[in-house]
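For the sequence shown, position 46 (counting from the first letter as 1) is numbered 1392 according to my numbering, and the numbering increases by one without interruption.
The structure under discussion appears below in the form of C-alpha cells.
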Amino acid sequence: MAFAAIVPYALPGYLLALLLLLAVRRGTVRSQRRWVTGGSVLAVTGLALHGALLAPAFLGAHAQGKPDLTVMTLNLRHGLGDAERAVSLVRSRHVGLLVLEEVTPPARERLRAAGLDQVLPHVAGQARTGVSGTMVFSSYELGVATAVPVRNGAWQVEVRSPRPFTLFAVHTSQPLDYAVRWHHDWDAIHRAVRAASGPRLVVGDFNATLDHGPVRDLLGAGFRDAARAGNAGWQPTWPSHSGYKWLPGGFPLIAIDHVLVTEGFGVISARTAVVEGTDHRALVAQVRW
C-alpha cells in the first residue's frame, strides 16, 4: 500500500536512472557497455510506460464553460485549519458544496463565526472531538443524511440541486498504522456506493491515491477522478507545508484527497489551495452536469 502512494515518482526516477546510465556508459570499457545499454533500455521502457500511464491526467478533452457546481474538500487536521481562510476560499471560488473532515466542536464554531453558514446554509454531518468529525455544507437543500460505518466519519446524503445527485462524504482511516480499519472503511464505502443509483459523487480524504486498490475499484465501476478528468495534472494534497513547516518548498508529496464523479458529470478544472494550520491542501473542482 505504501508503494502505491509514490507511483508518480517513478517517472522522474526512470529519467534520472537513464541519465546516470548514459553518463556511466561513456566511462566504461566495451565489455561492460552491454550491461549499461541493457539498463538504459529498461529505463527507457519504464519511462515510456509510466508516461503513458500518467498522460491522461494532463492530456485530452475536458468540459468547458461555466460550472454548474464547485465542490471543495478539506481536512482541518484536528480542527486546527484556519477557518477564516477556508471560508474565504468558499467565497472566492464560489463553492456550492463543501466537505470538511476533522471538524471539531471549536472548529465548527469558528467556521460559523467566519460566516460559513451564511454562504452554505444547508448542513449535514457532525462535529466531533478528534478526527471523526466529517461534515457537509451546501448551497442546495440536503436530504436526510445517513451515516456510513467508516471509522473517521462518512455520510451519504442527497443533494437536491436542479438535477439531484447522491453525495458520499468520506474520511477513511490511514492505512499504514490502521490497515485493518482502512480495509473495513473501504468495504463500507463500496457497499454504500453500489447500493445507490443515479449520479453520485464521492468526496473527501480517502487516505489513498488513485493507485490504491479500493480507489481503482471505484474507477473501474465508472467513477472518474476530477483532477484527471479535468486534465489538471497531478494535484498532491498531503502533507502541506502549512501543517509541516519543515517541508522543503512546501510541496506536498501525495494526492490522497479526491473528488470522484460518475458519468454525466463533466469536470472543468481541479486545483489545490493552501489553508494554514492543516497538513492537507484543499481540493477545489468545478463540474458540469
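Glycine included, each C-beta is placed from N, C-alpha and C at the ideal position.
message: Does D1531 pass the burial test, meaning 16 or more other C-beta atoms within 10 Å, or should it be called exposed?
response: Here residue 1531 is taken as the residue at index 185 of the sequence shown, counted from 1. With 16 or more other Cβ atoms within 10 Å, it is buried.
_Closest by C-alpha distance to N1421, when choosing among A1631, D1625, R1634, W1635_ = Counting from one through the sequence shown, the residue named residue 1421 turns up at place 75. The shortest Cα separation from N1421 among A1631, D1625, R1634, W1635 belongs to D1625.
- Item | Anticipated Cβ contact below 8 Å, G1576 with A1631, distance rounded | Residue numbering aside, residue 1576 sits at position 230 when the sequence shown is read from its first letter. Residue numbering aside, residue 1631 sits at position 285 when the sequence shown is read from its first letter. Confirmed, Cβ separation roughly 7 Å.
- Task: Ignore the nearest five residues each way along the sequence and tell me which others in V1445's own chain have a CB closer than 6 Å to its CB.
- Result: On the sequence shown, residue 1445 is found 99 positions in, with the first residue counted as 1. Same-chain partners within the cutoff: T1419, V1482, A1515, V1549, G1550.
| said: By the three-class DSSP mapping on this structure, what secondary structure does V1496 have? | reply: Counting from 1 along the sequence shown, the entry for residue 1496 is found at position 150. Looking at V1496 - three-state DSSP - the assignment turns out to be coil, as it is neither helix nor strand.
- Query: Which residues in the same chain have their Cβ closer than 6 Å to the Cβ of A1534, if we skip the five residues on either side of it in sequence?
  - Reply: Taking the sequence shown and counting its residues from 1, the one referred to as residue 1534 is at position 188. Once the five neighbours on either side are set aside, the close Cβ partners of A1534 are V1494, P1495, V1496.
TODO: For my contact list, L1457 and A1470 are in at a C-beta cut-off of 8 Å; report their separation, rounded to the angstrom.
DONE: Translated into positions along the sequence shown, residue 1457 becomes position 111. Translated into positions along the sequence shown, residue 1470 becomes position 124. So it is not a contact: roughly 14 Å between Cβ atoms.
Would you call the stretch 1520-1529 in contact with the stretch 1504-1512, where contact means no fewer than 3 C-beta pairs closer than 8 Å? no
| Beta-carbon proximity list for G1566, same chain, < 6 Å, skipping 5 on both sides | For the purposes of this step, residue 1566 is taken as residue 220 along the sequence shown, with counting starting at 1. There are no such residues.
Query - D1625, DSSP secondary structure in three states - result: Within the sequence shown, residue 1625 is the residue found at index 279, counting from 1. D1625 falls in the coil class under three-state DSSP.
Per-residue DSSP class, three states only, for G1559:
As a working note, residue 1559 is residue 213 in the sequence shown. Helix, per DSSP.
### Through-space distance from P1545 to F1511, alpha-carbon basis
Numbered from 1 along the sequence shown, position 165 holds the residue referred to as residue 1511. Numbered from 1 along the sequence shown, position 199 holds the residue referred to as residue 1545. Each residue's alpha carbon lies about 5 Å from the other.
- Message: For N1498 and T1480, what's the separation of their Cα atoms in angstroms?
- Response: One-based indexing of the sequence shown puts residue 1498 at position 152. One-based indexing of the sequence shown puts residue 1480 at position 134. Each residue's Cα considered, the two are about 8 Å apart.
Q. What residue does the alpha helix (DSSP H) around E1487 start on, and which one ends it?
A. Here the question's residue 1487 lines up with position 141 in the sequence shown. Note, E1487: premise wrong, no alpha helix (DSSP H); not H, not E.
Original post:
Which residue or residues does DSSP assign as beta-bridge partners of G1550?
Top reply: If you number the sequence shown from 1, residue 1550 lands on position 204. Answer by DSSP bridge pairing, in chain order: V1516, H1604.
Sequence-distant residues of the same chain with beta carbon closer than 6 Å to A1429, five excluded per side: The residue given as residue 1429 occupies position 83 in the sequence shown. The residues are R1456, L1457, A1460.
Exercise for the section: Write down the C-beta distance between R1537 and Q1581 rounded to the nearest angstrom, noting that I regard them as a contact closer than 8 Å. Expected result: By one-based count along the sequence shown, residue 1537 stands at place 191. By one-based count along the sequence shown, residue 1581 stands at place 235. That belief does not hold up - the Cβ atoms of R1537 and Q1581 are roughly 28 Å apart, past 8 Å.
Check: Which value, in whole angstroms, describes the spacing of the CA atoms of S1478 and H1517?
Finding: Stepping through the sequence shown from its first residue, residue 1478 is reached at position 132. Stepping through the sequence shown from its first residue, residue 1517 is reached at position 171. Going from the Cα of S1478 to the Cα of H1517 covers about 8 Å.
### Query
Got a sec: is the Cβ-Cβ distance from G1499 to anything in chain C below 8 Å?
Within the model displayed, chain C is absent; a lone protein chain is all it includes.
For R1570, which beta-bridge partners are listed by DSSP?
Residue numbering aside, residue 1570 sits at position 224 when the sequence shown is read from its first letter. Looking at the DSSP assignment, R1570 forms a beta bridge with V1607.
- Message: Rounded to the nearest angstrom, what separates W1528 and S1615 at their Cα positions?
- Response: Locating residue 1528 in the sequence shown gives position 182, where the first residue counts as 1. Locating residue 1615 in the sequence shown gives position 269, where the first residue counts as 1. Approximately 29 Å, taken between the alpha carbons.
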